[in-house]
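All letters in the sequence shown, in the order written, are residues 13 to 153 by the numbering used here.
Don't be surprised by glycine CBs; every beta carbon is placed ideally from N, CA and C.
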Amino acid sequence: MGMNLGGSRAKISPEMNVTPLVDVVLVLLIIFMVLAPVMTEAFNVRLPPKDDTDEQLDQANDLDQPLVLAVLDDGTVEVNSVTIEREEIPERLRRMFNARPDNVLYLDGADEAQYGAVLTAVDLARQAGAAPVVMITKKLE
13 MGMNLGGSRA KISPEMNVTP LVDVVLVLLI IFMVLAPVMT EAFNVRLPPK
63 DDTDEQLDQA NDLDQPLVLA VLDDGTVEVN SVTIEREEIP ERLRRMFNAR
113 PDNVLYLDGA DEAQYGAVLT AVDLARQAGA APVVMITKKL E
């Protein structure tokens, strides 16, 4: 930083030395000019084809309707009336939850469904991030 000591009066007037600032800005400009062509390169991605179950689940994932996981008498699992395999529950529910503002899941276990099958479905739904899991009951009439 340079200073001007003006003669008889000792009034200090600081002056900023902008040379280092200009040097740094020019170096950054050169770096960005060299990196710009590298950052615009693209690469091809091959995505797996979407199967029919994915399309059905996308249609069933209406944001105005609650997300219902049903365990039927024979142990099959349905999400909003679309049958899915047990191994696919966490991955598919996770994708459905990402499209929703909340992770509320309603569980509908059939009366004749095995207790272990219902608990397994609940555990798989919890792995997908379902919180809370709400049990559906029938109204007493």
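- Beta bridge pairing from DSSP links Leu59 with no other residue.
- If you draw a straight line from the Cα of Leu105 to the Cα of Val57, it is about 24 Å long.
- Under the DSSP assignment, Thr95 falls in the beta strand (DSSP E) whose first and last residues are 94-96.
- By the neighbour-count criterion, in which 16 or more other beta carbons inside 10 Å mark a residue as buried, Ala48 falls on the exposed side.
- Contact between Val83 and Asn92 does not hold, since the beta-carbon distance rounds to 14 Å and is not under 8 Å.
- If you look at Asp35, you'll find it in the alpha helix (DSSP H) that goes 31-51.
- The residues Gly87, in chain order, have a CB closer than 7 Å to that of Gln126 in the same chain once the five nearest residues on each side in sequence are set aside.
- Distance from the CA atom of Glu103 to the CA atom of Ala140, rounded to whole angstroms, is 7 Å.
- Just so you know, the alpha carbons of Glu90 and Leu41 end up roughly 57 Å apart.
- For Val30, the closest C-alpha among the options Met51, Leu38, Lys23 is that of Leu38.
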